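Numbering (my numbering), first residue to last: 440 to 689.
First up is the structure itself, then whatever we jot down about it.
See the structure below:
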């Protein structure tokens with residue numbers, strides 16, 4: 440269990456680097472920190488559900504499944520990682536009452552900071568310029584999510600898998616100020632869910648990556664044996680999707 444002092448130190452660092460709080464005065468960041476609570480969630484535990492509590496969740500480490508719940512069913516459709524701010528609807532006067540609602544389940548050991556929504560709204564109302572910063576952050580985050588959806592849900596299964604392994608094992612850890620994970624505890628079934636494929640196709644793509652000496656497969660684990668190669672492939676794919684294609688007649 441992470442101590443309160445180390446959690447607060449990590450939170451201050453993450454907030455100063457995040458799109459959500461990097462434009463905030465340091466005194467305001469410290470005040471928010473003093474009024475927030477830290478929670479450690481084990482794998483599969485509920486981190487946040489729409490309407491359950493009047494708070495926002497700032498993820499510090501780990502990752503969480505984004506789920507949509509409707510008609511008593513909960514469907515996983517994506518993941519969120521460190522420095523994500525969950526529960527933005529709590530900043531609005533009018534509550535969303537649409538069905539389905541969203542749930543977030545820990546995909547691994549995950550540390551979060553729970554921020555009282557009223558406290559955050561009070562700071563934003565007292566400093567209107569921060570509303571603009573929060574809106575800009577929301578737009579940037581939306582674009583980031585669209586980019587992740589493109590790399591996870593489009594293209595050959597092997598390419599999508601490379602992006603998923605990079606995001607889950609390398610990028611998320613580095614963004615959390617940790618060493619990249621060399622062994623991933625994510626089952627192949629969950630990888631298949633993450634990239635919207637089947638376990639059979641994921642297993643075949645993993646075998647190809649093993650033949651390329653990028654990963655090594657074990658019992659319920661995936662070892663990344665060539666992290667630089669995985670990173671090069673994943674980043675090249677991200678850059679390729681972000682670069683507009685030129686017309687042939689240009």
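Backbone N, C-alpha and C fix where the C-beta goes; we use that ideal spot for every residue, glycine too.
In this text the structure is predicted, and so the values were computed from the model without any measurement.
Nearest candidate by alpha-carbon position, reference residue 557, set 531, 478, 660, 550: As a position in the chain shown, residue 557 is number 118, starting the count at 1. If we check each option's Cα against that of residue 557, 531 comes out closest.
Neighbourhood of residue 646 by C-beta, 8 Å cutoff - its chain only, sequence neighbours within 5 removed: Your numbering for residue 646 matches position 207 in the chain shown. Hits under 8 Å: 656.
Inter-residue Cα distance where the pair is residue 613 and residue 666: Numbered from 1 along the chain shown, position 174 holds the residue referred to as residue 613. Numbered from 1 along the chain shown, position 227 holds the residue referred to as residue 666. Here the model assigns residue 613 a pLDDT of 49, short of 50, so the residue's position is not dependable, and the following value carries that caveat. If you take the alpha carbons of residue 613 and residue 666, they lie about 12 Å apart.
Whole-angstrom distance between residue 659 and residue 627, CA atom to CA atom: The residue you call residue 627 lines up with position 188 of the chain shown. The residue you call residue 659 lines up with position 220 of the chain shown. C-alpha separation (whole angstroms): 8 Å.
Separation of residue 564 from residue 598, as counted between CA atoms: By 1-based counting over the chain shown, the position of residue 598 is 159. By 1-based counting over the chain shown, the position of residue 564 is 125. In a straight line, the C-alpha of residue 598 is about 45 Å away from that of residue 564.
Nearest-angstrom Cα separation, counted from residue 584 out to residue 595: Reading the chain shown from its first residue, position 156 is the one you call residue 595. Reading the chain shown from its first residue, position 145 is the one you call residue 584. Approximately 20 Å between the Cα atoms of the pair.
Proximity to residue 497 [Cα-Cα], best of 553, 590, 549, 471: Counted from its first residue, the chain shown places residue 497 at position 58. With distances taken between Cα atoms, residue 497 lies closest to 553.
Between the CA atoms of residue 485 and residue 630 - distance to the nearest angstrom: On the chain shown, residue 630 is found 191 positions in, with the first residue counted as 1. On the chain shown, residue 485 is found 46 positions in, with the first residue counted as 1. Roughly 20 Å between the two C-alpha positions.
Backbone secondary structure at residue 523 - three-state DSSP: In the chain shown, counting from the first residue as 1, residue 523 sits at position 84. In this structure, residue 523 counts as coil in the three-state DSSP scheme.
Contact set for residue 465: own chain, Cβ-Cβ below 6 Å, skip 5 residues either direction: Here the question's residue 465 lines up with position 26 in the chain shown. Hits under 6 Å: none found.
Length of the line joining the Cα atoms of residue 638 and residue 444: The count along the chain shown starts at 1 and reaches residue 638 at position 199. The count along the chain shown starts at 1 and reaches residue 444 at position 5. Cα to Cα, residue 638 sits roughly 42 Å from residue 444.
Simplified DSSP assignment, three categories, for residue 615: Translated into the one-based positions of the chain shown, residue 615 becomes position 176. Its pLDDT being 46, under 50, residue 615 is placed unreliably by the model, and the measurement read from it follows with that caveat. Coil at residue 615, not helix or strand.
Boundaries of the alpha helix (DSSP H) in which residue 649 is found, first to last residue: Taking the first residue of the chain shown as 1, we reach residue 649 at position 210. Residue 649 -> alpha helix (DSSP H) spans 638-650.
At least three beta-carbon pairs within less than 8 Å, the region 502-511 to the region 451-467: no
Beta-ladder partner(s) of residue 508, from DSSP: Residue numbering aside, residue 508 sits at position 69 when the chain shown is read from its first letter. DSSP lists 513, 540 as partners of residue 508.
Test item: CB-CB of residue 504 and residue 576 under 8 Å: In the chain shown, the residue the question calls residue 504 occupies position 65. In the chain shown, the residue the question calls residue 576 occupies position 137. Contact: no.
Supposed close pair residue 677, residue 601 - CB separation, criterion 8 Å: Looking up residue 677 in the chain shown gives position 238. Looking up residue 601 in the chain shown gives position 162. Not a contact, Cβ separation roughly 11 Å.
Candidates 455, 547, 569, of which the one nearest residue 622 by Cα: Translated into positions along the chain shown, residue 622 becomes position 183. Of the candidates 455, 547, 569, the one whose C-alpha sits nearest the C-alpha of residue 622 is 547.
Residue 615 to residue 502 span [Cα, whole Å]: Residue numbering aside, residue 615 sits at position 176 when the chain shown is read from its first letter. Residue numbering aside, residue 502 sits at position 63 when the chain shown is read from its first letter. Unreliable positioning characterises residue 615 in this predicted model, as indicated by a pLDDT of 46, which lies under 50. The coordinate reading is nonetheless provided below. So the alpha carbons of these two residues sit roughly 10 Å apart.
Pairwise C-alpha distance: residue 608 and residue 442: If you number the chain shown from 1, residue 442 lands on position 3. If you number the chain shown from 1, residue 608 lands on position 169. So the two alpha carbons sit approximately 24 Å from each other.
Beta strand (DSSP E) segment containing residue 655, residue limits: Here residue 655 refers to the residue found at position 216 of the chain shown. Its beta strand (DSSP E) spans residues 654-657.
Rounded straight-line distance, which links the Cα of residue 679 to that of residue 592: Mapped onto the chain shown, residue 592 falls at position 153. Mapped onto the chain shown, residue 679 falls at position 240. A direct Cα-to-Cα measurement between residue 592 and residue 679 gives close to 15 Å.
Pair within 8 Å by beta-carbon distance, residue 587 and residue 663: Stepping through the chain shown from its first residue, residue 587 is reached at position 148. Stepping through the chain shown from its first residue, residue 663 is reached at position 224. No.
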